[in-house]
Amino acid sequence: MTIPYHAPETPVEVALMIATLSAEDAGRIEFAFRFAAAAHGGQTRDEGTPFIEHPVRVARILWEDFGSRDVEVIIAALNHDVLEDCDWLDSEILRGALGETSTQLIEHVTKEPASDDKKAARDRAYLDRLWEIPPEARLLKLADRLDNLRSVIYAGDPAKAQRYLAVSRTEFIPLALATDPVAARLIGDACDEIERYLGAEGPG
440 MTIPYHAPET PVEVALMIAT LSAEDAGRIE FAFRFAAAAH GGQTRDEGTP
490 FIEHPVRVAR ILWEDFGSRD VEVIIAALNH DVLEDCDWLD SEILRGALGE
540 TSTQLIEHVT KEPASDDKKA ARDRAYLDRL WEIPPEARLL KLADRLDNLR
590 SVIYAGDPAK AQRYLAVSRT EFIPLALATD PVAARLIGDA CDEIERYLGA
640 EGPG
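Numbered as in our numbering, the sequence shown ends at 643 without a single skipped number.
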């Protein structure tokens, strides 16, 4: 039996962005959202929400909180997790669908796959590499981190929240301070909120 495909409704966050853009740019962002929604179809976040809500929020953070009007960055934000989370996708497919610039931004923030015994080294190399990538890619990663910090308290996993907090304090706040003062302030605020959450949870 063939299951009919139903295109997802454009979320309000995306609709508000494209309402201010040229027809060409609006069409590209609309397509990027639909591409991401199809790529992440059926995937959910740890907090139980549809995965696509996360990249939409990251795009909104870049647009509203960080003030980015770079269409390539917004397209990349909507698809920043597809290379990591969608086995059937690769950079060649992305270039054909989204263009070279957005694909490069996605590649900059994508972690390479690694076996369990090599993940710590992979993650350390990734954090170091974030200092070398272009500023717009760094801003994308900071928006991603900010949304993850804001949502981790709803995942029901205090240990994960503690890990996010520790790495954000030591790695992402310094990166944000060197990149964008608004990002630094908002990530700091999100870290403070996690500390309040962990305090309310109590020990262990």
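Note that beta-carbon positions come from the ideal geometry of N, C-alpha and C, so glycine has one too.
In this text the structure is predicted, and so the values were computed from the model without any measurement.
Check your understanding: Out of LEU637, GLU452, VAL495, LEU581, which has the shortest C-alpha to C-alpha gap to ASN518?
Key -> Reading the sequence shown from its first residue, position 79 is the one you call residue 518. With distances taken between Cα atoms, ASN518 lies closest to VAL495.
Check your understanding: Touching or not, the segment 524-538 and the segment 555-571, by the rule of three or more beta carbon pairs under 8 Å?
Key -> no
Check your understanding: Assuming THR449 contacts PHE472 under a Cβ cut-off of 8 Å, what Cβ separation, rounded to an integer in Å, is found between them?
Key -> Residue numbering aside, residue 449 sits at position 10 when the sequence shown is read from its first letter. Residue numbering aside, residue 472 sits at position 33 when the sequence shown is read from its first letter. Right, their Cβ atoms sit about 6 Å apart.
Point to revise | Close beta carbons around ARG608, own chain, < 8 Å, minus the five adjacent residues each side | key: By one-based count along the sequence shown, residue 608 stands at place 169. Hits under 8 Å: CYS630.
Review point. Could you give the residue range of the alpha helix (DSSP H) that holds GLU503?
Key: Within the sequence shown, the letter at position 64 stands for residue 503. GLU503 -> no alpha helix (DSSP H), and no H or E assigned at all.
Exercise for review: Can you tell me which of ALA478, ALA465, SER461 puts its alpha carbon nearest to the alpha carbon of PRO447?
Suggested key: For the purposes of this step, residue 447 is identified with residue 8 of the sequence shown, where counting begins at 1. Considering only alpha carbons, the answer is ALA478.
Exercise for review: Could you say which of GLY638, GLU610, ALA639, GLU640 lies nearest to GLY627 if we only look at CA atoms?
Suggested key: Position 188 of the sequence shown, counted from the start, is the residue given in the question as residue 627. The residue with the shortest Cα to Cα distance from GLY627 is GLU610.
Review point. To the nearest whole angstrom, what separates the beta carbons of ALA600 and ILE592, a pair I think is in contact under 8 Å?
Key: If you number the sequence shown from 1, residue 600 lands on position 161. If you number the sequence shown from 1, residue 592 lands on position 153. 6 Å between Cβ atoms; contact.
Exercise for review: Answer yes if the segment 567-585 comes into contact with the segment 496-512, meaning at least three C-beta pairs across the two stretches below 8 Å, and no otherwise.
Suggested key: yes
Exercise for review: Quick one: grab the DSSP three-state call for THR609.
Suggested key: For this step, residue 609 is matched to residue 170 along the sequence shown. THR609 falls in the helix class under three-state DSSP.
Point to revise | Where THR483 falls: helix, strand or coil (DSSP) | key: By 1-based counting over the sequence shown, the position of residue 483 is 44. In this structure, THR483 counts as strand in the three-state DSSP scheme.
Check your understanding: Which class does PRO573 belong to by DSSP, given the choice of helix, strand or coil?
Key -> Indexing the sequence shown from 1 puts residue 573 at position 134. Coil.
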